[in-house]
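Chains as they are written, first to last, in UniProt numbering: chain A, 1 to 384; chain B, 1 to 91.
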Ligand code: SF4
Ligand code: SF4
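See the structure below:
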């Protein structure tokens, strides 16, 4: 491998330990969500790491300080060696998390994973998840498998995190979502707005909630929080505030390559799971040691420190707080990953964010009305 | 939350207490997170085995660390806080 041996480490930049290891075991998945965050060309990716290769990665990361290990995908349940991987990593002292859609989960496998030492199961409900829509529409039947699996997870003594991705068409039902999660005895509930699709798609799909919707959802969540606290209820609600109604971006993952290490099915190492879209060459665990990858590779050092920043970040006194925001968002929206995250009011591209906010308000009129207006407008023009 | 001496603390399901060499500290791991513990918190949590009640934990710590007059109160207070945070539960 070209970069083995050479070091791109930046002098004077203190690098944290890769505390969080995300193992994307496979891109295979029984579902085909139109909004999948997996790469479109996943069929062209290299072959999946073998059981032994994964275990070697776990060992190396553990020695470097990793304590949390997440198994995800695709759908990680597709990997037949999952129990073996859980056992190996649990024996190394990892806290093991399974992140699944619940499709393909059975009582038998839940028991098998418990035996292997799995610590926690997170069931994710994607925004485009038909089952969520069924649930919100009141059809519990189509939703039954997920509910059944959530109950089985609790019955086997696991703590459970339920993760709901919300958007403008379901966020108003947040009260019912929380109610259901509590009924299922979730220990943690993560409520996140679907931001990762990227702005353009978000708008095209008409998914961006309005500011009023968001504020309402946040208010309802904190009312629930107070209620639960008053009861001494252990369930914790985590409302992930999206940043598109902010004037400053979020600090991404505590900085580039500083906490989080993602390994894709073919062994490519990434500092964040959406980083694969960036025009940056990332190393592979088949070619270099994890230590070299983390501390010395080009990809992991690309946005460390501050020397890569152009203006306005370069001379900004807030750069140590937010690191200029999200590199992927900057790339997606401005075409240059070095730019300030356009969420920032100081960014010359902030207009994109303002336009999207405005569109969210406009779209609330409904597509038909908008089209009607255009049609009428064009007729008036034609008359003149 | 008031703690009675005859109650037995246990870790909440999904909360794991262990030593992390990379942190050179005891930590509490839970779904997707970790709390790094200071020395006294670690000493108290080491005693949490699902068998010993609060009184027994205090006795064990008093034997181990004699000459700390506030030890009993400190332990009770810590257990109260840990219960409030739902790290441990009382049986
Ligand atoms: S379930 Fe997840 S991995 Fe599978 S297609 Fe949907 S979003 Fe993608
Ligand atoms: S200019 Fe850059 S560093 Fe400053 S607040 Fe905006 S994004 Fe952050």
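Here a beta-carbon is modelled for each residue, glycine too, at the ideal position from N, C-alpha and C.
| query | result |
| --- | --- |
| Assigned secondary structure, residue 306/A (DSSP; H/G/I helix, E/B strand, else coil) | coil |
| Chain A contacts from the stretch 21-41 of chain B (Cβ-Cβ distance under 8 Å) | 22, 23, 27, 29, 30, 31, 32, 33, 34 |
| Distance cut-off 7 Å: residue 313/A Cβ against heavy atoms of ligand 2 | yes |
| Alpha helix (DSSP H) segment containing residue 322/A, residue limits | 319-322 |
| Integer-rounded CB distance, given that residue 257/A should sit under 8 Å from residue 304/A | 6 Å |
| Burial state of residue 14/A (16 or more Cβ within 10 Å) | exposed |
| Contact test: residue 318/A Cβ vs ligand 2 heavy atom, cutoff 7 Å | yes |
| Residue 223/A, buried or exposed, once every other Cβ within 10 Å from all chains shown has been counted against 16 | exposed |
| Where the stretch 81-97 of chain A meets chain B: residues whose CB sits under 8 Å from a CB there | 93, 95, 97 |
| Close-in-space but distant-in-sequence residues of the same chain around residue 298/A (CB under 8 Å, 5 per side omitted) | 3, 8, 280, 281, 283 |
| Near ligand 2: residue 192/A beta-carbon under 7 Å from a heavy atom | no |
| Within-8 Å CB hit, residue 159/A to chain B | yes |
| DSSP-derived helix/strand/coil call for residue 18/B | strand |
| Sheet register partners of residue 26/B (DSSP bridge) | 19/B |
| Residue-chain proximity (residue 7/B, chain A), Cβ-Cβ < 8 Å | no |
| CB contact flag (residue 323/A, residue 252/A, <8 Å) | yes |
| The alpha helix (DSSP H) enclosing residue 215/A, as first and last residue numbers | 211-231 |
| Segment contact flag, the stretch 158-165 of chain A with the stretch 1-14 of chain B, C-beta cutoff 8 Å, min 3 pairs | yes |
| Short Cβ contact (8 Å threshold) for residue 51/A with residue 75/A | no |
| Proximity below 8 Å, CB of residue 71/B to CB of residue 8/B | no |
| Host alpha helix (DSSP H) of residue 145/A (start-end) | 144-155 |
| Chain-order list of residues whose beta-carbon lies under 6 Å from that of residue 29/B (same chain, five-residue window excluded) | 16 |
| Other residues of its chain near residue 10/A: CB distance less than 8 Å, five sequence neighbours each side excluded | 301, 304, 305, 307 |
| Cβ of residue 120/A within 8 Å of any chain B Cβ | yes |
| At least three beta-carbon pairs within less than 8 Å, the stretch 236-245 of chain A to the stretch 342-359 of chain A | yes |
| Any non-hydrogen atom of ligand 2 within 7 Å of residue 346/A CB | yes |
| Buried/exposed call for residue 375/A, threshold 16 Cβ in 10 Å | Because the pLDDT at residue 375/A is just 34, under 50, the model does not fix this residue reliably, and the value given afterwards should be weighed accordingly. Under this definition residue 375/A is an exposed residue. |
| Buried versus exposed call for residue 296/A [16 or more other C-beta atoms within 10 Å across all chains shown] | buried |
| Nearest-angstrom Cβ-Cβ length linking residue 95/A and residue 119/A, presumed shorter than 8 Å | 5 Å |
| Strand pairing of residue 236/A, partner residues [DSSP] | 188/A |
| Integer Cβ distance of residue 121/A from residue 153/A, believed to fall under 8 Å | 5 Å |
| Classification of residue 34/A by the beta-carbon crowding that lies within 10 angstroms, buried from 16 upward | Unreliable placement is indicated for residue 34/A, whose pLDDT of 47 sits below 50; no coordinate value is reported for it. |
| C-beta neighbour in chain A for residue 67/B, strict 8 Å | no |
| With 16 other Cβ atoms within 10 Å as the buried cut-off, status of residue 292/A | buried |
| Residue 341/A (DSSP reduced to helix, strand or coil) | coil |
| Where residue 102/A meets chain B, residues with beta-carbon distance less than 9 Å | Simply none; closest approach about 16 Å. |
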